[in-house]
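Numbering (my numbering), first residue to last: 21 to 128. Virtual Cβ for every residue (Gly too), placed ideally from N, Cα, C. Taking it in order: structure first as C-alpha cells, then the write-up.
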Ligand code: FES
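What follows is the structure in C-alpha cells.
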C-alpha cells in the first residue's frame with residue numbers, strides 16, 4: 021500500500037490517494053488523474069468518458085512526471101490534438117498516479 025499526494029492547480033487542492041483503493045471513480049484508467057479528480061469532486065472535463073478519444077482531460081504536469089505511468093502510443097497520438105499542448109502535457113484519463121504529483125488543469 022502506498023499513499024500519494026496529488027495537487028491540482030490552479031485550484032491548489034491536494035488530495036491523498038491510496039493506490040490499493042484504485043479505481044476510485046469509474047472513468048479513465050484506474051488510478052488515473054481523472055479517476056482521482058472525479059472521486060474528489062474536482063472538475064476535469066472528460067467528454068469521451070475517459071477512453072483516450074478526446075483531449076478534454078488534458079493536464080500539464082508541474083512536478084512528479086516520473087511518478088506517472090509511461091505514456092502509451094495511443095495517448096501520444098491523441099495528445100497531439102490537444103489545445104495548448106506542452107512537453108509536460110498528459111491526458112488525465114491515461115496517466116496513472118504512482119507517486120506524488122502536481123498537475124495544472126489548463127483553462128479551456
Ligand atoms: S477523457 Fe477523453 S481522452 Fe481523456
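Q) Is there contact between the segment 46-54 and the segment 108-127, where contact requires at least three CB pairs shorter than 8 Å? A) yes
Q: Output yes or no for whether 8 Å exceeds the beta carbon distance between residue 31 and residue 62.
A: yes
Q: May I ask which residues mark the beginning and end of the beta strand (DSSP E) holding residue 38?
A: 33-38
Q. Grouping DSSP H, G and I as helix and E and B as strand, with all else coil, what is residue 56?
A. helix
Q) On the three-state DSSP scale, how would you describe residue 98? A) helix
Q | Per DSSP, cross-strand counterpart(s) of residue 64 | A | In the DSSP output, where bridge partners are listed per residue, residue 64 has none listed.
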